[in-house]
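Visitor: Pasting a structure here, questions to come.
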Amino acid sequence: MLMSVTVILFISFLKRNVVDGCPSPCECTDTTVDCSQTGLDEIPQSISSNTTVLLLGGNTLTTVRPNALSGLPSLIKLDLKNNKLVTLPESLFSNNTKLETLHLENNKLVSLSGRLFSNNINLQILDLLNNMLVSLPKDLFLSNTNLKELDLEKNKYIGSNNLVNLPKDLLFSNTNLETLYLGSNKLVSLPVGLFSNNRKLLVLGLENNMLVSLPEGLFTFNTDLRFVYLESNNLKSLPKDLYLNTNLITLNMNKNQFICCLMIDFKDWASNQTQLTYEGTCTVLNTTIDIHSFNTTTCIIPGWSPWINSSCSTTCGDGVIISTRICDNPPPSDNGLKCVGSETETSLCNLQKCPASCRRSKKRIRRQTSRPLGQ
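Here the sequence shown stands for residues -21 to -1, 1 to 354, numbered as in mature numbering (1 follows the signal peptide of the UniProt record, and there is no 0).
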């Protein structure tokens, strides 16, 4: 008798949960549905339509039905981290127009449709850390004009390589972006206009990549930057437009290949920044020293040698003179600043007219070379 009562009560509890929009084994509080670490391999179908927070992290989800979230128009926060998701249907979030926070970190996502987030205009926080992305469509974030925080750290691009390049217009629409993490990939370079429309950017993480240089103009419009992380790259110098910033608080440059005599402008700028804290080393005369202790007066300003002119390229008629010079008067200091200007220049030379016989000979040669083959 007791067992029968227990079974009836249990069935009644399950029915009540489904009716109330809280399927077992999830827990529900107000409009929050917490299904974290419950062993789910699919998203429950009976979640209440007024749910604003749905937590599905730490499960074994590998795929998701295209309409799995279509009945949740009030959803504001969605957590899908720490699953085994490989792909996401293009229409998965199309009905979640109020979505503000989306966690997709620590999955196995290989690719994302360019229209995946096209209806999520209110999205503010997007975490894609530690996936296996093989492509980033240039229009992926086109509609997310309210995006404030984007994490793309520790992703992979083509086979076993990490993210190696980014489309120039990837972030163009994200005018409210404040925090961007791109660390721990294998970025070798960045397109010059990548951050041009992110004027509210405060935090930028580029650490643990393979950046050899940063293009001039990269930070021209990012004068509100507060925290920049560049450690563990292969940088030898910094772009001069970074020195337009007077708000920078933290600049981490450790574990790079900075050349001291290429950091003169940086030292001059940093000495006038009252709130800036920076870390990094540079090399001078085969010795690595702290940038703070580097004395810029040890660097020699290089100069050009005199021009050396070639003879005219022809003995008669119009020709060209090539002028060359070398940056060795004095040479640059220890791979430091190069001379400003060009190593070569050309100028026209006009000697006496060619003899008539020479002109006739040239015409004859031109006629012969213009005949069709076989004639």
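Don't be surprised by glycine CBs; every beta carbon is placed ideally from N, CA and C.
Candidates Pro281, Leu264, Trp283: which alpha carbon is nearest Asn274's?
Guide: Translated into positions along the sequence shown, residue 274 becomes position 295. Here the closest residue by C-alpha is Leu264.
Visitor: Smallest Cα separation from Glu84: which of Asn62, Leu78, Leu95?
Guide: Here residue 84 corresponds to residue number 105 of the sequence shown, with the count starting at 1. Checking every option, the nearest Cα to that of Glu84 belongs to Asn62.
Visitor: Indicate the three-state DSSP secondary structure (helix, strand or coil) for Phe206 in the structure shown.
Guide: Numbered from its first residue, the sequence shown carries residue 206 at position 227. Strand, per DSSP.
Visitor: Output the boundary residues of the alpha helix (DSSP H) element that contains Lys215.
Guide: For the purposes of this step, residue 215 is taken as residue 236 along the sequence shown, with counting starting at 1. That residue, Lys215, is in no alpha helix (DSSP H); it is neither H nor E in DSSP.
Visitor: Quick one: residues in its chain with C-beta nearer than 8 Å to the C-beta of Lys332, no 5 flanking neighbours on either side, listed in chain order?
Guide: For this step, residue 332 is matched to residue 353 along the sequence shown. Answer for Lys332: Cys295, Gly296, listed in chain order.
Visitor: Cys239 and Thr262 look like a contact to me (Cβ under 8 Å); what is the Cβ gap, rounded to whole Å?
Guide: Within the sequence shown, the letter at position 260 stands for residue 239. Within the sequence shown, the letter at position 283 stands for residue 262. Indeed they touch by this definition, with Cβ atoms about 6 Å apart.
Visitor: Based on the DSSP output, what are the partners of Tyr222 in its beta bridges?
Guide: As a first step, residue 222 must be located in the sequence shown, where it is residue number 243. Its beta-bridge partners do not exist; DSSP assigns none.
Visitor: Which of the three DSSP states, helix, strand or coil, is assigned to Ile268?
Guide: Here residue 268 refers to the residue found at position 289 of the sequence shown. Strand, per DSSP.
Visitor: Mind checking Asp307: buried by the 16 CB within 10 Å criterion, or exposed?
Guide: The residue labelled residue 307 in the question sits at position 328 within the sequence shown. Under this definition Asp307 is an exposed residue.
Visitor: Taking the alpha carbon of Asn226 as the reference point, which residue from Asn201, Tyr208, Pro218, Cys328 has its own alpha carbon closest?
Guide: The residue you call residue 226 lines up with position 247 of the sequence shown. The candidate whose alpha carbon is nearest that of Asn226 is Asn201.
Visitor: For Pro170, which residues of its own chain have a beta-carbon under 6 Å away from its beta-carbon, when the five flanking residues on both sides are left out?
Guide: The sequence position of residue 170 within the sequence shown is 191, counting from 1. Cβ within range, chain order: Lys147.
Visitor: DSSP on Lys56, reduced to helix/strand/coil?
Guide: For the purposes of this step, residue 56 is taken as the residue at position 77 of the sequence shown. Strand, per DSSP.
Visitor: Flag this pair as yes or no: are the beta carbons of Thr17 and Val32 separated by less than 8 Å?
Guide: Your numbering for residue 17 matches position 38 in the sequence shown. Your numbering for residue 32 matches position 53 in the sequence shown. Contact: no.
Visitor: Which of helix, strand or coil does DSSP assign to Gly138?
Guide: Against the sequence shown, residue 138 aligns to sequence position 159. Residue confidence for Gly138 is low, a pLDDT of 40 falling below 50, so the modelled location carries little weight; the figure read from the coordinates is stated next. Coil at Gly138, not helix or strand.
Visitor: Find the nearest neighbour of Ser302 within the set Asn288, Pro311, Thr293, Pro310, judged by alpha-carbon distance.
Guide: Here residue 302 is taken as the residue at index 323 of the sequence shown, counted from 1. Ser302 has its Cα closest to that of Asn288, out of Asn288, Pro311, Thr293, Pro310.
Visitor: Nearest to Leu48 by CA position, among Pro68, Gly36, His271, is which residue?
Guide: Start at 1 with the first residue of the sequence shown, and residue 48 comes out as number 69. The shortest C-alpha separation from Leu48 is found at Pro68.
Visitor: Taking the C-alpha atoms as reference points, what is the distance between Ser139 and Val167?
Guide: Taking the sequence shown and counting its residues from 1, the one referred to as residue 139 is at position 160. Taking the sequence shown and counting its residues from 1, the one referred to as residue 167 is at position 188. Confidence is the limiting factor: at Ser139 the pLDDT is only 40, short of 50, which leaves the residue's position unreliable and the question unanswerable from this model.
Visitor: Look up Pro334 in the DSSP assignment and say whether it is helix, strand or coil.
Guide: The residue you call residue 334 lines up with position 355 of the sequence shown. It is coil, neither helix nor strand.
Visitor: Can you give me the C-alpha to C-alpha distance between Leu95 and Glu186, rounded to a whole angstrom?
Guide: Reading the sequence shown from its first residue, position 116 is the one you call residue 95. Reading the sequence shown from its first residue, position 207 is the one you call residue 186. Roughly 28 Å between the two C-alpha positions.
Visitor: Any idea what DSSP makes of Cys318, helix, strand or coil?
Guide: Stepping through the sequence shown from its first residue, residue 318 is reached at position 339. Three-state result, Cys318: coil.
Visitor: Less than 6 Å between C-beta atoms, sequence neighbours within five positions excluded: which residues of the same chain meet that for Leu230?
Guide: If you number the sequence shown from 1, residue 230 lands on position 251. So the qualifying residues of the chain are Val207, Tyr257.
Visitor: Do residue 355 and Thr154 have their C-beta atoms within less than 8 Å of each other?
Guide: Missing from the structure shown is residue 355; the chain here goes from -21 to 354 and no further.
Visitor: Anyone know if the C-beta pair for Ser284 and Ile270 falls short of 8 Å?
Guide: The residue given as residue 284 occupies position 305 in the sequence shown. The residue given as residue 270 occupies position 291 in the sequence shown. For Ser284 and Ile270, no; Cβs fall outside 8 Å.
Visitor: Using C-beta distances below 8 Å, list every residue in its chain close to Glu322, excluding the 5 sequence neighbours before and after it, in chain order.
Guide: Reading the sequence shown from its first residue, position 343 is the one you call residue 322. So the qualifying residues of the chain are Thr303, Arg304, Ile305, Cys306.
Visitor: Output the boundary residues of the alpha helix (DSSP H) element that contains Ile243.
Guide: Looking up residue 243 in the sequence shown gives position 264. That run of the alpha helix (DSSP H) goes 243 to 249.
Visitor: Give every residue of the same chain whose Cβ lies closer than 6 Å to the Cβ of Arg178, excluding the five residues on either side of it in the sequence, and list them in chain order.
Guide: One-based indexing of the sequence shown puts residue 178 at position 199. Answer for Arg178: Phe200, listed in chain order.
Visitor: Which value, in whole angstroms, describes the spacing of the CA atoms of Leu112 and Phe174?
Guide: For this step, residue 112 is matched to residue 133 along the sequence shown. For this step, residue 174 is matched to residue 195 along the sequence shown. Distance between the alpha carbons of Leu112 and Phe174 is about 21 Å.
Visitor: With DSSP collapsed to three states, give me the class of Thr154.
Guide: Numbered from 1 along the sequence shown, position 175 holds the residue referred to as residue 154. Three-state DSSP puts Thr154 in coil, outside helix and strand.
Visitor: Could you check what DSSP says for Cys7 in three-state terms: helix, strand or coil?
Guide: On the sequence shown, position 28 is the one that residue 7 refers to. Three-state DSSP puts Cys7 in a strand.
Visitor: Give the single residue among Asp13, Thr260, Leu119, Ser90 whose Cα lies nearest to the Cα of Val65.
Guide: The residue you call residue 65 lines up with position 86 of the sequence shown. The shortest C-alpha separation from Val65 is found at Ser90.
Visitor: Given Thr41, which residues of its chain have a CB within under 8 Å of its CB, disregarding the five upstream and five downstream residues?
Guide: On the sequence shown, position 62 is the one that residue 41 refers to. So the list reads Asp20, Asn62, Lys63, Leu64, Val65, once near-sequence residues are dropped.
Visitor: With which residues is Asp297 paired in a DSSP beta bridge?
Guide: The residue you call residue 297 lines up with position 318 of the sequence shown. When beta bridges are read from the DSSP output, Asp297 appears opposite Asn329.
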